[in-house]
Every structure is written in C-alpha cells, then in structure tokens.
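Peer 1: Counting with the numbering used here, you get residues 118 to 306 for the letters of the sequence shown. The beta-carbon is built from N, C-alpha and C at its ideal position, and this holds for glycine as well. The structure presented is a predicted model; accordingly, all values stated were derived computationally and were not measured.
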Amino acid sequence: MTATYTFDVFSSLDGYGAAGGDWTGYWGKQGPELLRRRLDLYTEDQRLVLGANTFRSTVGLFADEDSDVGDAWAQRFRELPLTVVSSTLRDTLGWPDAEIVPGDAVETVARLKETSPVPLRSHGSLSLNRSLLAAGLVDRIQITVFPVITGRTGLDPVLKVPADFDLELLEAHTLDGRTQELTYRPTLH
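Here's what the structure looks like:
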C-alpha cells in the first residue's frame, strides 16, 4: 500500500506563507479551535518530510524562547519521525528522530511513499512541495487560510507552481469563526 503524502501549509488570503513587518506567528490569529485542530492532526502516527531551509528555520524556532512553539501541536511536531531532504545538511542539528537524506526530493519521497508504514506530511517546505506537486506525488493539499491580506509585507508565495491543477475539495473546516482549513486532492490539469 502506498503512503499518502499531505502538503500542509499556512497561508494569508492573498497566498503568502509568511509576512514581514510586525506580523507575528499565525498572523496573530490563532485561537483555541485552530490549536486543537492542529494538535489533532499531529497526534496521528505519521512521518514528517521537510526541506533543508524549513528544517533550519524550525530548529531555530525551537531554540528561540519567544517563539510560538510552546503550542501543544508544535511540541508533538518535534516528537514525530522526520526525514529532511537536503544536499547541504550533514547532521540533524540535535533534532530527535530525524534523518538527513541527500539527493533528489522526488526520488526520495517516491521511495518513502512506497516504504513508509504511516502517512507522510510536510508543513511548509514550499520549494520541496512545489517539486513534489509537479511530479504528481502530493495526494492532499491542506491549506489553512488566515483572515489577513499581506500585499505589502507578504513573503513566500505558497502555490507558485510550474503547472495547472484541478482541485477536488475533500474537507473544509472553519476554525474560531475566521480561519479556513481546506483539504484538496490535486490532479494535473
């Protein structure tokens, strides 16, 4: 059986994965339903897959005492087995249960999909997931849309991909009366 691969990403309404300026984590819009939902998603057995840049920034967040990583779901994120696809990293930077896999991301994830006994999930890792989406390896896109527009300060366009996709809506949740979590099945158009 092939493991499913979910590209899990946060986004502003205008499609940015992060913002500069005075925006904080979750764009300051986290609420109890969002945090509970995130914990539920990460309580399930699964293997995380990240690219090197997202992994480095995630390790940095956990090292920063002022970050949002005190959330229960973020702590669970740290406990899950993790594969980092990287040609530049040589060690796991102290991250528990992590492995660094050099080489091509498409080949690595295709192999993981065939061998993993649990589902695969990647949070963020935009470059990695754009490549996997173009290769047809993403089974689900789970996008959490926060009620903000970051036209002036938006960073990291989420879905700047080199192909067109049809999306089948699988699930939709409104969290805290303002944040949308949408799960789609992508197929090349």
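Taking Ser129 as the reference, which of Val223, Gln297, Thr171 and Thr304 has the closest Cα?
Peer 2: The shortest C-alpha separation from Ser129 is found at Gln297.
Peer 1: Measuring only the C-alpha atoms, how far is Leu305 from Leu286?
Peer 2: Going from the Cα of Leu305 to the Cα of Leu286 covers about 15 angstroms.
Peer 1: Do Val255 and Pro198 count as a contact pair if the criterion is CB distance below 8 angstroms?
Peer 2: Not a contact, by the Cβ cut-off of 8 angstroms.
Peer 1: Check whether the Cβ of Asp283 sits closer than 7 angstroms to any heavy atom of the ligand NAD, and report yes or no.
Peer 2: In the structure shown, the ligand NAD is absent, as is every other ligand, since no ligand is present at all.
Peer 1: Since Val223 and Asp162 should fall inside the 8 angstroms C-beta cutoff, what is the C-beta to C-beta distance between them, to a whole number of angstroms?
Peer 2: Their Cβ separation, rounded to whole angstroms, is 24 angstroms, which puts Val223 and Asp162 out of contact at 8 angstroms.
Peer 1: Measure the Cβ-Cβ separation of Phe172 and Leu250 and say whether it is below 8 angstroms.
Peer 2: The answer is no: Cβ separation not under 8 angstroms.
Peer 1: Taking buried to mean at least 16 other C-beta atoms within 10 Å of its own C-beta, is His290 buried or exposed?
Peer 2: Classification for His290: exposed.
Peer 1: Could you give the distance in angstroms between the alpha-carbon of Tyr133 and the alpha-carbon of Thr267?
Peer 2: Rounded to the nearest angstrom, the two C-alpha atoms are 7 angstroms apart.
Peer 1: Ordered along the chain, which non-local residues of its own chain (more than five positions away) have a Cβ less than 8 angstroms from that of Trp140?
Peer 2: Counting only Cβ-Cβ distances below 8 angstroms, and skipping sequence neighbours, we find Val265, Thr267 and Thr270.
Peer 1: From which residue to which residue does the beta strand (DSSP E) around Leu299 run?
Peer 2: Counting along the chain, the beta strand (DSSP E) containing Leu299 begins and ends at Thr296 to Leu305.
Peer 1: Can Arg195 and Thr160 be called in contact, C-beta distance under 8 angstroms?
Peer 2: Their beta carbons are not under 8 angstroms apart, which means Arg195 does not touch Thr160 by this criterion.
Peer 1: So Gln259 is in the beta strand (DSSP E); what residue range does that whole segment cover?
Peer 2: Element bounds for Gln259: Arg257 to Phe263.
Peer 1: With 16 other CB atoms within 10 Å as the buried threshold, where does Gly220 fall?
Peer 2: Gly220 is exposed by the Cβ-count criterion.
Peer 1: Three-state secondary structure (DSSP) at Thr123?
Peer 2: Reduced to three states, the DSSP call for Thr123 is strand.
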